[in-house]
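In my numbering, the protein residues as written are -1 to 343. Contents: one structure, followed by commentary.
This is the structure we're talking about:
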């Protein structure tokens, strides 16, 4: 059963007739399966704002952090108990960070979302949550969730400016689709900033170029390019509607040559991983990093780019859901392997 907010528009601006740009498509219906179906109806729109029912995006947020964590662990060699503690702690941290970012993005993008078939039923776009309610909910996730969790769980003071930087960049990304064809670059920098955050959490200065700064920057760049690649392909789901709605993106800009662009970006991604290994040769002295991380990322990116059908929204969606976990696992394989070897020795 739909919530009262969903049955009765909250403002005159929320008129379904005014918002319905797709009258030939089915109207919104409340979830009947999954985690959302177990929640009180009035909670459902807020859980949808956080994307609690769509874990694929969580994986790319979380894996960016864990990649940075194990990279720094290979260099600073903290005890396994501390690495395990942070690995687990980063789960709620990323649920809240992603939740706030998605909530804000949906609020800012509501006019676009109403004109994109896949996004038309998002809570703010359909009138289930007002703009003010959504902004308050975003602020609550940060002020009463994300920030206290970082402070109370013992993240070092040196890491907190990087957390603030991530939040700022993620919020800035929400406005990029209006003024540039390259919002994916801002998103990529936002997500990859987790490498600096997690490095600082383990005592690594990511900008100390006299020691580990070059390798850190190379790994950061590789993650930026990875995010640009997968989000550009993901955005192909909506490219037809985006063009009509005036949404700017790399998928719109390069829609006739996206596979070539993705291939070039993936080569750059792998070259940067090689550079990271070379700069950090005293840390990655064996073959584990180069075979696991470099080779694994190269192979999985090549496979997914070859396999995806950019003209099929379903294929683009499946690409995003699968590659985040599999390419992320490839990233981690060599880093975890190198850390385990150091601990065992």
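Ideal placement from N, C-alpha and C gives every residue a C-beta, glycine not left out.
Between which two residues does the alpha helix (DSSP H) harbouring residue 234 extend? No alpha helix (DSSP H) contains residue 234, which DSSP labels as neither H nor E.
Just confirm the distance between the C-beta atoms of residue 337 and residue 68, as a whole number of angstroms; I'd bet it's less than 8 Å. The beta carbons of residue 337 and residue 68 sit about 6 Å from each other, so the pair counts as a contact at 8 Å.
Can you say whether residue 36 is buried or exposed, counting buried as having 16 or more other CB atoms within 10 angstroms of its CB? exposed
Check the C-beta distance from residue 191 over to residue 219 and give it rounded, since I have them as a contact under 8 Å. About 12 Å separates the two Cβ atoms, so there is no contact after all.
Let's see if you can read the secondary structure: which residues bound the alpha helix (DSSP H) around residue 117? For residue 117, there is no enclosing alpha helix (DSSP H), as DSSP gives it neither H nor E.
For residue 194, the nearest candidate out of 174, 244, 221, 184 (CA to CA): 221
Pairwise C-alpha distance: residue 314 and residue 232: Taking the CA atoms as reference points, residue 232 sits about 5 Å from residue 314.
Does the count of Cβ pairs from the segment 254 to 265 and the segment 116 to 135 closer than 8 Å reach three? no
What do you get for residue 98, buried or exposed, if any count of 16 or more other CB atoms within 10 angstroms of its CB means buried? buried
Suppose only complete runs of 4+ residues qualify. What are the alpha helix (DSSP H) ranges in the segment 55 to 114, listed by chain order? 78 to 106, 108 to 111
State whether the segment 165 to 182 contacts the segment 101 to 110, with contact taken as three or more CB pairs (one from each stretch) at a distance under 8 Å. yes
From residue 84 to residue 304, what distance separates their C-alpha atoms? 35 Å
Specify the secondary structure class of residue 180 as computed by DSSP and reduced to three states. coil
If you draw a straight line from the alpha carbon of residue 226 to that of residue 235, how long is it in whole angstroms? Taking the straight line from one Cα to the other gives about 15 Å.
Between 267, 289, 318, 207, which lies nearest to residue 277 when the distance is taken from Cα to Cα? 207
Measure the CB-CB distance between residue 96 and residue 153 and report whether it falls below 7 Å. Taking 7 Å as the cut-off, the Cβ atoms of residue 96 and residue 153 do not count as close.
Ignore the nearest five residues each way along the sequence and tell me which others in residue 187's own chain have a CB closer than 7 Å to its CB. 167, 222
To the nearest whole angstrom, what separates the beta carbons of residue 318 and residue 180, a pair I think is in contact under 8 Å? The Cβ separation is near 19 Å, so there is no contact.
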